[in-house]
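Going by full-length UniProt numbering, the sequence shown opens with residue 1, and the numbers climb by one from there. Every residue, glycine too, gets a C-beta built ideally from N, C-alpha and C. I have placed the structure first, in the form of structure tokens, so that the comments after it can refer back to it.
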Amino acid sequence: MAVYEFEVTMTCEGCVNAVNRVLNRLDGVQKVGISLEEQKVEVVTDDSLEYQTVYDTIAKTGKKITSGKTL
């Protein structure tokens, strides 16, 4: 299991839903937690899903990722 956390600029529930939707389509994602107030996205994945893949998937929504790390 791997846990990734990203700081993502989101302004509304539509942003949250867009990020949530694309992440839940990824094979290997076990859980997605998103906080609009804290501008954070936490993704729990199988070990087979790499950080860069999750990062790129969030980036495809057009939201700005200000930082990211593996927990």
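(Q) So for Gly28, helix, strand or coil by DSSP? (A) Within the sequence shown, the letter at position 28 stands for residue 28. Gly28 sits in coil when the DSSP states are folded into three classes, being neither helix nor strand.
Q | Contact check, Met10 vs Lys60, beta carbons under 8 Å | A | As a position in the sequence shown, residue 10 is number 10, starting the count at 1. As a position in the sequence shown, residue 60 is number 60, starting the count at 1. In this structure, Lys60 does not lie closer than 8 Å to Met10 by Cβ.
Q. What are the uninterrupted segments assigned as beta strand (DSSP E) that are 3 or more residues long and contained completely in the UniProt domain "HMA" (1–66), given in chain order?
A. 2–8, 29–35, 40–45
(Q) Taking the alpha-carbon of Glu13 as reference, which of Asp56, Ser48, Glu38, Asp27 has the nearest alpha-carbon? (A) Residue mapping note: residue 13 aligns to position 13 of the sequence shown, counting from 1. Minimum Cα distance to Glu13 is reached at Glu38.
Q: Measure the C-alpha to C-alpha separation of Lys69 and Gly28 and round it to an integer number of angstroms.
A: The sequence position of residue 69 within the sequence shown is 69, counting from 1. The sequence position of residue 28 within the sequence shown is 28, counting from 1. Approximately 18 Å, taken between the alpha carbons.
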